[in-house]
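Worksheet: the structure to be examined is printed underneath.
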Amino acid sequence: MMSKSMITVHTLYNFLWYLTHALISVVQLIHRHLYLKLKTKRVLSSDLRELANGLQKIPKHIAVCVNEHHVDCHQLIQLIRWCHVFNVKYVSLFSHYDTFVSLSQLEDQFVRCATNGHKATDDGAHNNGFAKTRVNGKTSGGVITMDGMSVCVVSSKHSRQSIVKAAQHLSRQKAPIDQNEITDYLRKTYDFPDPELLIAFGGSPAVYGYPLWQLRLTEIRRPALAISRCALIAAFGPTSGAAAAMAAPFV
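Okay, so the sequence shown: first residue is 27 according to the working numbering, each after it adds one.
Here is the structure:
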């Protein structure tokens, strides 16, 4: 029979053996996580741009409609970054529940998550319900600018108020009012062109209170995925197998 000392040594040996392998597994897990994170950044900066060049149609203006009570601002910031990679010039964000009725809270997240070289400051002023924001020395009422791309938050309240103001303005005119005058006045309230693509995220496929006069020729898509790079790529249209494989790690 084994003595108590031998049993103690054997138990201690087994404990140290399992502890060593556990530490090795933890180190390997951390290494894989860091490698994947660095690899993702490389893909985002190089392969994703190559993928963007291979796409046949890239909208100039993308409208993002979020039909959820709670919105992850970090995901929205990532979506804005991906639009910037794809050379999208305008991005408008809309929430039926007015989750982000102004740029103030979104800008705070934007500053925290901004890439190196991008700085933003808030003037503290408000115009038409939007926060007046200056980014990289550029001032625009209710618009965040980032290397040639503009981001605007549209609220359902502002959409209704625009119609009321248009009716009040046109009712003061003596000349007959036609549909073109109403459309022209409403379009003047927004500095953005009409979106070529609207992506609706959420439980129901609807645009709710997004300004309908801007959606006359807009293609509306509701991706099966949540807010992700794959969802953005899928919204652009059919992609090749290689493009889908490239996008897979980005979900």
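For glycine and all other residues, C-beta sits at the position ideal for the given N, C-alpha and C. A quick note: this is a predicted structure, and the numbers were derived from the prediction, not measured.
Query                                                                                                                                                             : Result
Within 10 angstroms of its Cβ, does Thr244 collect 16 or more other Cβ (buried), or is it exposed?                                                                : buried
Looking at the structure shown, is Leu238 part of a helix, part of a strand, or coil, going by DSSP?                                                              : helix
I need the straight-line Cα distance from Asp148 to Tyr116, nearest angstrom please.                                                                              : Confidence at Asp148 is low in this model, with a pLDDT of 35, below 50, so its placement is unreliable and no value can be given for it.
Along the alpha helix (DSSP H) that carries Asn206, what are the first and last residues, could you check?                                                        : Gln205 to Lys214
Quick one: using the 10 Å Cβ neighbour count with 16 as the cut-off for buried, is Val179 buried or exposed?                                                      : buried
Under the rule that 16 or more other beta-carbon atoms within 10 Å means buried, what is Pro202, buried or exposed?                                               : exposed
One question on the structure: do Gln240 and Ala89 come within less than 9 Å of each other, judged by their Cβ atoms?                                             : yes
Could you spell out where the beta strand (DSSP E) holding Met179 opens and where it closes?                                                                      : Going by the sequence as given, residue 179 is Val instead of Met. Run containing Val179: Met175 to Ser181, per the beta strand (DSSP E) assignment.
Assign Ile50 to buried or exposed, taking buried as 16 or more other Cβ atoms, counted over all protein chains shown, within 10 Å of its Cβ.                      : exposed
Please classify Phe41: is it buried, with 16 or more other beta-carbons within 10 angstroms of its beta-carbon, or exposed?                                       : exposed
Answer yes or no: the CB of His57 versus the heavy atoms of the ligand NAP, is any distance below 8 Å?                                                            : Of ligands this structure carries none, so the ligand NAP is not represented either.
Any idea if Trp108 is buried or exposed, counting beta-carbon neighbours within 10 angstroms, 16 or more meaning buried?                                          : buried
Given this structure, state the Cα-to-Cα distance separating Val53 from Thr46, to the nearest angstrom.                                                           : 11 Å
Can you find the residues in the same chain that come closer than 8 Å, C-beta to C-beta, to Gly174, ignoring five residues on each side of it along the sequence? : Lys115
Taking Cβ to Cβ, would you say Phe218 is nearer than 9 Å to His87?                                                                                                : yes
In or out: Ala192 buried (at least 16 other Cβ within 10 Å) or exposed?                                                                                           : buried
On the DSSP letters alone, give me the boundaries of the beta strand (DSSP E) that Arg247 sits inside.                                                            : Glu245 to Arg247
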